[in-house]
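Protein sequence lines, in the order shown, are assigned to chains A and B.
Sequential numbering from 23 applies to the first sequence in my numbering.
Sequential numbering from 23 applies to the second sequence in my numbering.
Written out below as structure tokens is the structure these notes cover.
Number of protein chains: 2
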Amino acid sequence: MKISCTQENLNQGLFIVSHIASKNMALPILNNILIQVDKNTIKFSATNLEIGVSCIIRGKVEEDGEFTVQSRLIADYAALLPKEKIDLSVAESKKEGEDQVLAISCKNHNTKIKGQPAADFPLIPQIDRKNLYVMNCQELRRAISQVIFAVSGSETRPEINGVFFKFEGDNLVLAATDSYRLAEKSVKLGKKSKGTNQSVIVPARTLQELQRILGSFKDPAAISEIEDVEIYLGENQILFVLGDIELISRLVEGQYPDYRQIIPKESNTKIVLNIAELINAAKTASLFARSGIYDINLDFNKDEIVVSAANNQLGENISKLSGKISGQQNSIVVNYRYLLDGLQNLDAEEAELSIIDGGNPCVIKTAGKDSDYLYIIMPIKQ
Amino acid sequence: MKISCTQENLNQGLFIVSHIASKNMALPILNNILIQVDKNTIKFSATNLEIGVSCIIRGKVEEDGEFTVQSRLIADYAALLPKEKIDLSVAESKKEGEDQVLAISCKNHNTKIKGQPAADFPLIPQIDRKNLYVMNCQELRRAISQVIFAVSGSETRPEINGVFFKFEGDNLVLAATDSYRLAEKSVKLGKKSKGTNQSVIVPARTLQELQRILGSFKDPAAISEIEDVEIYLGENQILFVLGDIELISRLVEGQYPDYRQIIPKESNTKIVLNIAELINAAKTASLFARSGIYDINLDFNKDEIVVSAANNQLGENISKLSGKISGQQNSIVVNYRYLLDGLQNLDAEEAELSIIDGGNPCVIKTAGKDSDYLYIIMPIKQ
């Protein structure tokens, strides 16, 4: 194997794949990245057996070959190299038993990194590219960030440890819940989509990795500005294709809860108010919430919204906000952390809260327009 | 007690003092700040019994009095309030056994914070303001940052857990060591200084707190731009006065080691080289240093500097730098963390390294001029 490339291309390729490599005592090679050079293509891959990621980088191929080296070491090293041409090569080992090394040279730096043969690296699965869905990268990124925080961390219910992806007609609906609150977002699919209506559960870890990669595209130094992401669904697997980058993951097995049935269809009180003001009032009240309960009170009366909390040890806080209240006088007690999570994800100046009473879920949306985002909090019953 | 002030003044005063208040199971009131209003002066104080800090804030006094409230709670709360006028008051308790509260109101926010009577708050010691030394705030801040990282964390030798302050003539010399490396910095004293020649050891924790306060002066929102710091030495105590802010601390008892004797007076090799290049080469080599030993090799031969490291598990790295070498061919093995610490504190483009041999300390200074900063690393002997 013998290649050369710019420091930027090497660094960016390693940034994409190196994160997924991880320490695994049973299979130490998972700590490595796989470098494959074949027919003028340079490809880096890594896997943790649940997620596989690969990336093709630009460079000049002088000799085909493949090799694996420790992911973190080569990524840290490449990041320190000057922005110059870098030569990478693996020589055929001459003596039996001698460790093979990846030689890297760049300007005044010369390095030899020990590695393992590519033959020991696990296969990253492939899927049939049949069920294709296309959407805008940054829209998908924003949609994931609006729901992923609500994913449950519980290990007893694996089906809510992921985000529900429901492909239906021209839309993808994403939903996440930990049974205390629920976030749901709808995104338009691109015209090239030709997949069938299907629902799957994507592990939160996979989406975090996807977010990391999508986030790097905002960086001017990123590999390229990719507009669309292609999503393919296979048997128990999902593949995200972003230009020269591929991320494949297993899906979560099981049945996602039928969350639509808990979304209240009616309400007794609707409140429209400034989001920034409500966030600020919830934060000041939060300092006086009871520890472990995180309870703050929301009271709605005529055109006055009162956000308050009281605590035997610390004292109490009352903030008054103005807003537009329609329907009856009402009140609800909520966990301020769940309230803030939802409010901070609304892309608007004003929110609309809908309430039946203090014993039923509170629905939060962007005010004034047909919202593609919905957030629901279960009340703390007194 | 009844006062009013701007949110900015309240917030800044709390920023200065609240950090030193800390959880103390034996004396819970140390978690509070003391608010004293007396003769048109509003003063906030906090102490951990080793360090005491106080700050006078601007505001309007309507009624004298004093009270203590939980430091973190009031600081977090004040930071969330709008930039408006804030009213603070403590009412005399009417019923026996009723908790006293500090009432805070600002625009639409109304709060009551429970507190404890000021009578229970420990006295913060005062010292005779005789031995005065004056110096520029930001020069002192920079000098402390150039030495404090070398302070020992060892508990068996408390005398090197602090920074050595030697007031001598027109200069203050600061020194710190953990016996593996040593940093020494000299600062000019201001003309108003009238203290005698003295040496003391100031606890690292005290200087970290001073740095935090000095650092806040760069913030445009800080209380005021204070140019000079006044330092007073008392029996076992040191007082730093920064305008309306006072920081008093106990001193470390014991004799500081006579570190001057270990500074080599001669050398066999002097090397002048670019600091950024040496930092980069040390970082790339560091990836191949042996774990727990952190060893990298520096070789000096004619006009070539070779920085290298090798590791049985990982591989090896060699970087070549150009520089000006005078004297004999030489080499030394050093801990890369200690080398980087020193290099990152030199205010220059080029460093001068002086070496006797691989068995003696390496001296690092700014090249070309009479340096007021000196850094010494003990070698790793092979």
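Glycine residues also receive a C-beta, built at the ideal position from the N, C-alpha and C atoms.
Query raised in the report: In the structure shown, what three-state DSSP assignment does Phe35/A receive?
Result: Here residue 35/A is taken as the residue at index 13 of the first sequence, counted from 1. Note that residue 35/A corresponds to Gly in the displayed sequence, not to Phe. Three-state result, Gly35/A: helix.
Query raised in the report: What does Thr199/A pair with, by DSSP beta-bridge criteria?
Result: As a first step, residue 199/A must be located in the first sequence, where it is residue number 177. Looking at the DSSP assignment, Thr199/A forms a beta bridge with Leu204/A.
Query raised in the report: So which residues of chain B does Ile78/A contact, with C-beta pairs closer than 8 Å?
Result: What you label residue 78/A is simply residue 56 of the first sequence in a count that begins at 1. Here the premise fails: no neighbours, minimum Cβ distance about 25 Å.
Query - DSSP three-state assignment for Glu268/B, whether helix, strand or coil - result: The sequence position of residue 268/B within the second sequence is 246, counting from 1. Looking at Glu268/B - three-state DSSP - the assignment turns out to be strand.
Query - Reduced DSSP secondary structure (H/G/I, E/B, other) of Gln283/A - result: One-based indexing of the first sequence puts residue 283/A at position 261. It is helical.
Query raised in the report: Using CA coordinates, which residue listed in Tyr155/A, Leu229/A, Arg203/A is at the minimum distance from Arg417/A?
Result: Here chain A has residues from 23 to 404 only, and residue 417/A is not among them.
**Report entry** Inter-residue spacing [alpha-carbon to alpha-carbon] between Asp121/A and Lys136/A
**Finding:** The residue you call residue 121/A lines up with position 99 of the first sequence. The residue you call residue 136/A lines up with position 114 of the first sequence. Going by the C-alpha atoms only, they are around 7 Å apart.
Query raised in the report: Among the residues of its own chain, which have a CB less than 6 Å from the CB of Ile245/A, if the five just before and after it don't count?
Result: Locating residue 245/A in the first sequence gives position 223, counting from the first residue. Confidence at Ile245/A is low in this model, with a pLDDT of 47, below 50, so its placement is unreliable and the value that follows should be read with caution. Gln34.
Requested in this report: Work out the CA separation of Lys107/B and Cys9/B for me, nearest whole Å.
Outcome: Nothing about residue 9/B can be read from this structure; chain B reaches only from 23 to 404.
Query raised in the report: When you compare only the Cα positions, how much space is there between Tyr358/A and Asp317/A?
Result: As a first step, residue 358/A must be located in the first sequence, where it is residue number 336. As a first step, residue 317/A must be located in the first sequence, where it is residue number 295. Going from the Cα of Tyr358/A to the Cα of Asp317/A covers about 6 Å.
Report task. Say whether chain B places a C-beta atom closer than 8 Å to the C-beta of Ile285/A. Result -> Taking the first residue of the first sequence as position 1, residue 285/A is located at position 263. So no, Ile285/A is outside the interface.
Query raised in the report: Can you tell which of Val224/A, Lys214/A, Asn153/A, Ser201/A has its C-alpha closest to the C-alpha of Phe187/A?
Result: Position 165 of the first sequence, counted from the start, is the residue given in the question as residue 187/A. Comparing Cα-Cα distances from Phe187/A to each of Val224/A, Lys214/A, Asn153/A, Ser201/A, the minimum goes to Val224/A.
**Report entry** Partners in chain B for Ser341/A, counting only beta-carbon separations shorter than 7 Å
**Finding:** Position 319 of the first sequence, counted from the start, is the residue given in the question as residue 341/A. Under the 7 Å cutoff, chain B gives Asn130, His131.
**Report entry** Classification of Arg151/A by the beta-carbon crowding that lies within 10 angstroms, buried from 16 upward
**Finding:** Stepping through the first sequence from its first residue, residue 151/A is reached at position 129. The residue in question, Arg151/A, is exposed, as its Cβ has fewer than 16 Cβ neighbours within 10 Å.
Report task. May I ask you to list, following chain order, the residues of the segment 304-319 of chain B that have a beta carbon less than 8 Å from some beta carbon of chain A? Result -> Lys305, Thr306, Leu309, Phe310
**Report entry** Met12/A classed as buried or exposed, judged by whether at least 16 other C-beta atoms fall within 10 angstroms
**Finding:** Within the shown structure, residues of chain A are numbered from 23 to 404, placing residue 12/A beyond reach of any answer.
Query raised in the report: In chain B, what lies closer than 8 Å to Leu336/A by C-beta?
Result: Along the first sequence, one-based indexing puts residue 336/A at 314. What Leu336/A touches in chain B: Gln92, Leu95, Ile135, Lys136.
Query raised in the report: Smallest Cα separation from Cys384/A: which of Ile354/A, Asn333/A, Asp369/A?
Result: Residue mapping note: residue 384/A aligns to position 362 of the first sequence, counting from 1. Closest option to Cys384/A, Cα to Cα, is Ile354/A.
**Report entry** CA nearest to the CA of Ile297/A, picked from Ile253/A, Ser344/A, Ile340/A
**Finding:** As a first step, residue 297/A is located in the first sequence; it is residue number 275 there, counting from the start. Nearest C-alpha to Ile297/A: Ser344/A.
Query raised in the report: Are the beta-carbon atoms belonging to Ile327/A and Asn352/A less than 8 Å from one another?
Result: Looking up residue 327/A in the first sequence gives position 305. Looking up residue 352/A in the first sequence gives position 330. No; because the gap between Cβ atoms is not below 8 Å, this pair is not in contact.
Query raised in the report: By Cβ distance below 7 Å, which residues in the same chain neighbour Ala226/B in space, the five residues on each side in sequence not counted?
Result: Within the second sequence, numbered from 1, the residue matching residue 226/B stands at position 204. Here the set comprises Ile170, Val173, Asn183, Gly184, Val185.
Query - Within-8 Å CB hit, Asp325/B to chain A - result: As a working note, residue 325/B is residue 303 in the second sequence. For Asp325/B, the answer is no, since every Cβ of chain A falls outside 8 Å of its Cβ.
Query raised in the report: What residues in its chain sit with their C-beta under 8 Å from that of Thr90/B, if we drop five residues either side in the sequence?
Result: For this step, residue 90/B is matched to residue 68 along the second sequence. So the qualifying residues of the chain are Ile51, Asn54, Ile55, Leu56, Ile57, Gly137, Gln138, Pro139, Ala140, Asp142, Phe143.
Report task. Please check the pair Pro333/B and Ala311/B, which I expect to be a contact at CB under 8 Å, by giving their CB distance rounded to whole angstroms. Result -> The sequence position of residue 333/B within the second sequence is 311, counting from 1. The sequence position of residue 311/B within the second sequence is 289, counting from 1. The identity of residue 333/B in the sequence shown is Asn, whereas the question assumes Pro. Sure, about 7 Å apart at Cβ, within 8 Å.
Query raised in the report: How would you list, in chain order, the residues of chain A whose beta-carbon sits under 7 Å from the beta-carbon of Leu102/B?
Result: Taking the second sequence and counting its residues from 1, the one referred to as residue 102/B is at position 80. Within 7 Å Cβ-Cβ: Asn302, Lys305, Thr306.
Query raised in the report: Going along the segment 342-365 of chain B in order, which residues come within less than 8 Å of chain A, judged by CB to CB distance?
Result: Lys342, Leu343
Query - Integer Cβ distance of Ala205/A from Gln168/A, believed to fall under 8 Å - result: As a first step, residue 205/A is located in the first sequence; it is residue number 183 there, counting from the start. As a first step, residue 168/A is located in the first sequence; it is residue number 146 there, counting from the start. Confirmed, Cβ separation roughly 6 Å.
Report task. Go ahead and pull the three-state DSSP assignment for Asn302/B. Result -> Position 280 of the second sequence holds residue 302/B. Asn302/B: helix per DSSP, three-state reduction.
Query raised in the report: Hey, out of Leu162/B, Ile25/B, Leu103/B, whose CA is closest to Asp86/B's CA?
Result: Walking along the second sequence from the start, residue 86/B turns up at place 64. Taking only the C-alpha atoms, the option nearest Asp86/B is Ile25/B.
Requested in this report: Pick helix, strand or coil for Gly217/B, following the three-state DSSP scheme.
Outcome: For the purposes of this step, residue 217/B is taken as residue 195 along the second sequence, with counting starting at 1. In this structure, Gly217/B counts as coil in the three-state DSSP scheme.
Query raised in the report: Which same chain residues, not among the five before or five after Tyr155/B, have their C-beta less than 6 Å away from its C-beta?
Result: Position 133 of the second sequence holds residue 155/B. Contacts found: Phe189, Leu211, Ser215, Gly217, Ile253.
Query - Proximity test, Ser67/B beta-carbon vs the ligand ATP heavy atom, cut-off 7 Å - result: Annotation note on the ligand ATP: not contained in the displayed structure, which lists no ligands.
Query - Boundaries (first-last residue) of the beta strand (DSSP E) holding Gln1/A - result: This structure cannot speak to residue 1/A, because chain A is shown only from 23 to 404.
Query - Spatial neighbours of Pro401/B in its chain, beta-carbon cut-off 8 Å, leaving aside the 5 residues before and after - result: Here residue 401/B refers to the residue found at position 379 when the second sequence is read from its first residue. Cβ within range, chain order: Ile354, Val355, Val356, Gly380, Gly381, Asn382, Pro383, Cys384.
Query raised in the report: Taking Cβ positions only, does Tyr202/B come closer than 8 Å to chain A?
Result: Position 180 of the second sequence holds residue 202/B. So, not an interface residue.
Query raised in the report: Within the 8 Å Cβ cut-off, does Val123/B reach chain A?
Result: Taking the second sequence and counting its residues from 1, the one referred to as residue 123/B is at position 101. At least one chain A Cβ lies under 8 Å of Val123/B.
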